[in-house]
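Protein chains in written order, with my numbering: chain A, 1 to 238; chain B, 239 to 602.
A virtual CB, placed ideally from N, CA and C, is assigned to each residue, including glycine.
Given the structure is predicted, the values throughout are model-derived calculations rather than measurements.
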């Protein structure tokens, strides 16, 4: 495959017992692209993201990340992952949390920059257990990008985040994509989908449709993404 | 006060348990395991093995020897006096009694003085021996004319009458306290790592499983070492627990126990989803180990089947090592101590491997 793709998922299937979480997913994400994974809860978005960071081994199919076929521990050095819940150590300060993840990735020098990037420098000494939910989310982002990953996976990063902060976070995502970072972000908020260059619609573990927001609307023949999504999802159901 | 609302809480509680089969099973299985074990240990604990060397040239020695044989509070066997000490050392006897050559003559003269040699490091093994001897000598009263005074000469291989209960249990308790506390702290914090989602993050990083397990081990071991020093100093300096061996060696054994506890905690946390479930490992893993470790009941007096179990539990070896050092003054030239330390070290390696191996499988 060419290096043009940061992520190349080929016919990936994942079963958990009787549950078919992913069903022949084929997905390619270009370098420097913001790719949005859309779908209802339980559609398989999280499983797909966890497959791309190597936390889930596919039942069948292959995953290639930054030119390396998974499983491959070394490629994880260049991948950042932000989970749905802000996975942080509540007893440590903002700075200590970022320092910890920096140390794991061998990026100790970039701690300050990462904290400034998410506007938490003033609160860097506060214990994570004492800061607000939005700040936790930002701290979590700082932990995910402190090692300057080439690929960033964000699993519903803006759930429970107020609109103002959501705009702020997306500015940061945009900034990173402009500097060449590939971002895969899952969401079910449609106005976020508009900010992605390409979208993948997932339901029942299958990729229903793919394309830019405009292409998705055109395929569905609707005016907005929300309707497009409902229409495409409904079509697959019948 | 609304009965309806109270009932709602009660119902919710029971409904939750219906889904948590494991807790339910524990609630009803653990008491049987613990009580069964305790009952089995207490009822069937065998009586101390005692050697009897009858060197009496007169008739009375044989009378006492056969009375000892019939005694139910000890299990007597005939030995020669010269074998006695080595049998005490290898642990096959809790004590031996020598009825001297002039035993019958002594009886005539009114003072009889059999020799009693006791191993001395096991609490509870000495007094039945002395009791049985008293009773056996009582059998003489009908045979010997006049008043006879009993003056047994008691010697101890280790310890002696100066040791109190704390001296016996203190040695084991030093290790046990560290083992228990370190285990609980490790299992809960490793579980936190899982429930707060940071373990997922770690697993998606270039960290290797072995690195996580070793990192945890070193961190908790450092804490545990500080705790070990505190416990040791308190026991030796404040409680004045009897110690005959090297303090450094005791500390070394304690440190090994702490490392076992850390790794056992990490390993078992893989099998718990919640802190609640983690705490359930205490009655299932820690209490039976405690009962079978020889702290309360000497392993050699346990029923066969339980001895096999005791022999595979690391705590048994750690307790035996600590007692050897503190009560018997053992050092590393003793093969029995080397064996104990070696087994504990082996268990550590086993647990590290098992912990790393289960980590990835249990991440989800």
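Assigned exposure category for residue 625(B) - 16 Cβ within 10 Å defines buried: Since the first and last residues shown for chain B are 239 and 602, residue 625(B) lies out of range.
message: If I follow the unbroken alpha helix (DSSP H) through residue 502(B), where does it start and stop?
response: 485 to 507
query: residue 391(B) bridges to which residues according to DSSP?
result: Note: residue 391(B) sits in a beta bridge opposite 353(B).
field: Which listed residue (451(B), 489(B), 518(B)) has its alpha carbon closest to that of residue 416(B)
entry: 489(B)
message: Distance cutoff 7 Å, beta carbons only. Does residue 77(A) sit that close to anything in chain D?
response: Looking for chain D here will not work: the only protein chains present are A and B.
- prompt: For the region 502 to 513 of chain B against the region 423 to 431 of chain B, are there 3 or more C-beta pairs whose distance is under 8 Å?
  reply: Yes, they touch.
task: Return helix, strand or coil for residue 250(B), following the three-state DSSP convention.
output: Reduced to three states, the DSSP call for residue 250(B) is helix.
Beta-carbon proximity list for residue 497(B), same chain, < 7 Å, skipping 5 on both sides: 455, 459, 586
- request: For the alpha helix (DSSP H) holding residue 562(B), just list the boundary residues, first then last.
  value: 552 to 566
field: Which of helix, strand or coil DSSP assigns to residue 454(B)
entry: Residue 454(B) falls in the helix class under three-state DSSP.
task: Could you tell me whether the Cβ of residue 427(B) comes closer than 7 Å to any Cβ of chain A?
output: no
message: Threshold first: 3 residues or longer. Then list the beta strand (DSSP E) segments lying entirely within the region 312 to 345 of chain B, N to C.
response: 313 to 316, 333 to 337
- prompt: Just the Cα atoms here: how many angstroms apart are residue 242(B) and residue 69(A)?
  reply: One Cα belongs to residue 242(B), the other to residue 69(A), and the distance between them is close to 60 Å.
Residue 13(A) - partner residues in DSSP beta bridges: DSSP lists 60(A) as partners of residue 13(A).
- prompt: Per the contact definition of three or more C-beta pairs closer than 8 Å, is the region 358 to 371 of chain B in contact with the region 289 to 297 of chain B?
  reply: no
task: Use the C-beta contact count for residue 104(A): other C-beta atoms within 10 angstroms, 16 or more gives buried, fewer gives exposed.
output: buried
message: Assuming residue 105(A) is part of the beta strand (DSSP E), what are its boundary residues?
response: Where residue 105(A) is concerned, there is no enclosing beta strand (DSSP E), although the alpha helix (DSSP H) around it starts and stops at 94 to 105.
message: Looking only at its chain, what residues have a beta carbon closer than 8 Å to the beta carbon of residue 591(B), apart from the 5 residues adjacent to it on each side?
response: none
message: Just to confirm the assignment, what range does the beta strand (DSSP E) spanning residue 171(A) have?
response: Where residue 171(A) is concerned, there is no enclosing beta strand (DSSP E), although the alpha helix (DSSP H) it sits in stretches over 163 to 178.
message: Below 8 Å, how does it come out for the region 86 to 104 of chain A and the region 127 to 146 of chain A: are there three or more Cβ pairs, yes or no?
response: By the criterion of at least three beta-carbon pairs nearer than 8 Å, the region 86 to 104 of chain A is in contact with the region 127 to 146 of chain A.
query: Within 10 angstroms of its Cβ, does residue 566(B) collect 16 or more other Cβ (buried), or is it exposed?
result: buried
- request: Report the rounded CA-to-CA distance for residue 399(B) versus residue 306(B), giving the unit in angstroms.
  value: 23 Å
query: Who are the Cβ neighbours of residue 152(A) in its own chain at under 6 Å, not counting the five residues just before and after it?
result: So the qualifying residues of the chain are 80, 181, 183.
- prompt: For the beta strand (DSSP E) that residue 155(A) lies in, which residues bound it at each end?
  reply: 151 to 155
task: With DSSP collapsed to three states, give me the class of residue 210(A).
output: strand
task: Please confirm whether residue 53(A) and residue 7(A) have their CB atoms less than 7 Å apart.
output: no
- prompt: Who are the Cβ neighbours of residue 15(A) in its own chain at under 6 Å, not counting the five residues just before and after it?
  reply: 59
- request: Take residue 345(B) and list the residues in its own chain whose beta-carbon comes closer than 7 Å to its own, dropping the five residues that flank it on each side.
  value: 298, 378, 382, 386
field: Residues within the region 48 to 69 of chain A neighbouring chain B, beta-carbon criterion of under 9 Å
entry: 50, 53, 54, 55, 56
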